[in-house]
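One structure is given below, encoded as structure tokens.
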Amino acid sequence: MAGITLASIAGSEFATFLISAIFDLGADLPAYLVSGIVPLLLAAPGSYFQLKRLEQVKAAYRELERVASTDWLTDCLNRRAFTHRTTAATRIGRPGALLVIDADGFKAINDRFGHDRGDDALRAIADVIRRNVREGDLVGRIGGEEFGIYLPDATGPHATAMAEAIREGVEDISFLPEDAPHTLSVSVGIATATASVPFDDLFRVADQQLYAAKAGGRNRVAITAANASDQSRAAA
26 MAGITLASIA GSEFATFLIS AIFDLGADLP AYLVSGIVPL LLAAPGSYFQ
76 LKRLEQVKAA YRELERVAST DWLTDCLNRR AFTHRTTAAT RIGRPGALLV
126 IDADGFKAIN DRFGHDRGDD ALRAIADVIR RNVREGDLVG RIGGEEFGIY
176 LPDATGPHAT AMAEAIREGV EDISFLPEDA PHTLSVSVGI ATATASVPFD
226 DLFRVADQQL YAAKAGGRNR VAITAANASD QSRAAA
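Using the numbering used here, the letters of the sequence shown map in sequence onto residues 26 to 261.
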């Protein structure tokens, strides 16, 4: 854009000199001032449209990035994006909590009512999750019927309260796959960390708690700590 403007100014200076020579007007100061101002005015629309084009390209890139990181069904982060962002967040060394949420009896829903109704159930569960998280929390669909939530700076009681709110919210979903109510439920495993714990370790502990919740009868929450010192002892 600067090159276009400079070229316009140079061309205008030459045009002013040529016209002055032909008509013997003399290249006085006002003419040179005009020759500098006019191209700026002429270049402004071109600069404006180039800026608009640049903004459109940036917007298109942001949308492409959003689509590439979003699960098509639930509009949550997809597994790759969730794992990448949570891994980065856990490296900071701040406390946090990871929730792994699994829809109970989901295969039976698909088998009995069909995959379309199963998709409806997943979307409804995702909506409940989004209504209960804070701004800045990470929410992803990390498996067929499995969701992950990372809560930066969350304590165990806060993570448990959120998990219970989600569990109760899912129970309250009005799910009518065949014009008859069918109760949905989720089991939740939580791993908390007061220091930097690698994502893989945090996920492993949360997944273990999820299995404990399932084994305990489903539709419940299980939680434990996954501190760096615990992981060091486990590795030893």
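Where a beta carbon is used, it is the ideal one built from N, C-alpha and C, also for glycine.
Rounded C-alpha distance that separates residue i from residue j
| i | j | result |
| --- | --- | --- |
| Met-187 | Ala-240 | 21 Å |
| Gly-118 | Ala-220 | 5 Å |
| Val-158 | Ile-126 | 13 Å |
| Ala-237 | Pro-177 | 24 Å |
| Arg-78 | Pro-70 | 12 Å |
| Ala-184 | Ala-122 | 7 Å |
| Gly-242 | Arg-148 | 24 Å |
| Leu-163 | Arg-110 | 8 Å |
Residue i, DSSP secondary structure in three states
| i | result |
| --- | --- |
| Glu-160 | coil |
| Leu-201 | coil |
| Gly-121 | strand |
| Ser-212 | strand |
| Gly-143 | helix |
| Arg-243 | coil |
| Pro-177 | strand |
| Ala-220 | coil |
| Thr-99 | coil |
CB contact check: residue i to chain D, cutoff 7 Å
| i | result |
| --- | --- |
| Asp-145 | The displayed structure is made up of one protein chain only, and chain D is not part of it. |
Limits of the unbroken beta strand (DSSP E) element including residue i
| i | result |
| --- | --- |
| Val-246 | 246 to 250 |
Residue range of the unbroken alpha helix (DSSP H) whose run includes residue i
| i | result |
| --- | --- |
| Pro-182 | 181 to 196 |
| Ile-134 | 131 to 138 |
With 16 other Cβ atoms within 10 Å as the buried cut-off, status of residue i
| i | result |
| --- | --- |
| Tyr-73 | exposed |
| Val-222 | buried |
| Glu-160 | exposed |
Is there contact here, the region 220 to 233 with the region 135 to 143, by at least three beta-carbon pairs under 8 Å? Too few Cβ pairs lie closer than 8 Å, so no.
With a cut-off of 8 Å, do at least 3 Cβ pairs link the region 179 to 193 to the region 201 to 218? These segments touch.
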